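Numbering (my numbering), first residue to last: 0 to 243.
Just so it is clear, CB atoms sit at the ideal spot from N, CA and C, and this is done for glycine as well.
Since we're looking at a predicted model, the values are computed, not measured.
Report on the structure given below.
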């Protein structure tokens, strides 16, 4: 295990996991680079890790570190320059009556029921559609950084969507969103545009969307939120139009 010399906190180290089946590209094996020890990663230094391509799953902070593949590209939206396109404006209009409630991370049986329905409908057989309550808590409700849970409800109080976001000094990081799979009108698109608008209101320049994978339909949608930047060889660059 060796130190990440480029970070301003020399105590943080990293290790590479054993290979495992890739969740996004069939027939590929993946590895992750994990920042450790976890208790030294907190709200003050986590933004620096995000800017270098790391994300978190619960208290597990990682970035792709595969042997043969570099398909996972960290991306972030330039929120100041963002203007919604036609389909994004339709999503905003379709869900304009939803109200967002921002709160601390916490358990809710109502949230878990929605999460379970979302996984069963959108990711059947992916290993997450049979998540237990313990796995859900570990995945979404455990955090050592500045995190929030956002509920989206209609005027009658019906729950439509839940987003988990991390607040950084230069932006927001979209951790995970799940929503009612039976509701039409691109709730997922609405949720991302809402987060971009939050960045604009807070004068935060970036919304970090995790990893973009051109070959994966599950991830390719992220390139629709323009202008968008990608992290290549440690530097952020505008994503070329002919790549997305």
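With 16 as the cutoff for other CB atoms within 10 Å, does residue 101 come out buried or exposed?
Counting from one through the chain shown, the residue named residue 101 turns up at place 102. Residue 101 sits exposed, since fewer than 16 C-beta atoms from the chains shown fall within 10 Å of its C-beta.
With residue 64 and residue 12 assumed to form a contact (beta carbons below 8 Å), what rounded beta-carbon distance in angstroms separates them?
To locate residue 64, count along the chain shown from 1; it is residue 65. To locate residue 12, count along the chain shown from 1; it is residue 13. That pair is no contact at about 14 Å.
Could you give the first and the last residue of the continuous beta strand (DSSP E) run that contains residue 54?
Stepping through the chain shown from its first residue, residue 54 is reached at position 55. For residue 54, the enclosing beta strand (DSSP E) stretches over residues 54–56.
Spatial distance of residue 253 from residue 171 (CA atoms)
With the chain represented from 0 up to 243, any question about residue 253 goes unanswered, as that position is not in the structure.
Whose C-beta lies closer than 8 Å to the C-beta of residue 204 among residues of the same chain, with five residues either side of it excluded?
Your numbering for residue 204 matches position 205 in the chain shown. The residues 77, 78, 79, 169, 170, 198, in chain order, have a CB closer than 8 Å to that of residue 204 in the same chain once the five nearest residues on each side in sequence are set aside.
Taking the alpha-carbon of residue 240 as reference, which of 190, 226, 145, 231 has the nearest alpha-carbon?
Taking the first residue of the chain shown as position 1, residue 240 is located at position 241. Distance check between residue 240 and each of 190, 226, 145, 231 places 226 closest, using alpha-carbon atoms only.
Could you say which of 37, 16, 35 lies nearest to residue 28 if we only look at CA atoms?
To locate residue 28, count along the chain shown from 1; it is residue 29. For the residues 37, 16, 35, the minimum Cα distance to residue 28 belongs to 16.
State whether the stretch 146–153 contacts the stretch 96–112, with contact taken as three or more CB pairs (one from each stretch) at a distance under 8 Å.
Contact between the stretch 146–153 and the stretch 96–112 is established, with three or more Cβ pairs separated by less than 8 Å.
Terminal residues of the continuous alpha helix (DSSP H) containing residue 110?
On the chain shown, residue 110 is found 111 positions in, with the first residue counted as 1. Here the alpha helix (DSSP H) through residue 110 covers 108–121.
Figure out for me which residue from 141, 51, 14 has the closest Cα to the Cα of residue 231.
Here residue 231 refers to the residue found at position 232 when the chain shown is read from its first residue. Closest by alpha carbon: 51.
For my contact list, residue 173 and residue 140 are in at a C-beta cut-off of 8 Å; report their separation, rounded to the angstrom.
As a position in the chain shown, residue 173 is number 174, starting the count at 1. As a position in the chain shown, residue 140 is number 141, starting the count at 1. 16 Å between Cβ atoms; not a contact.
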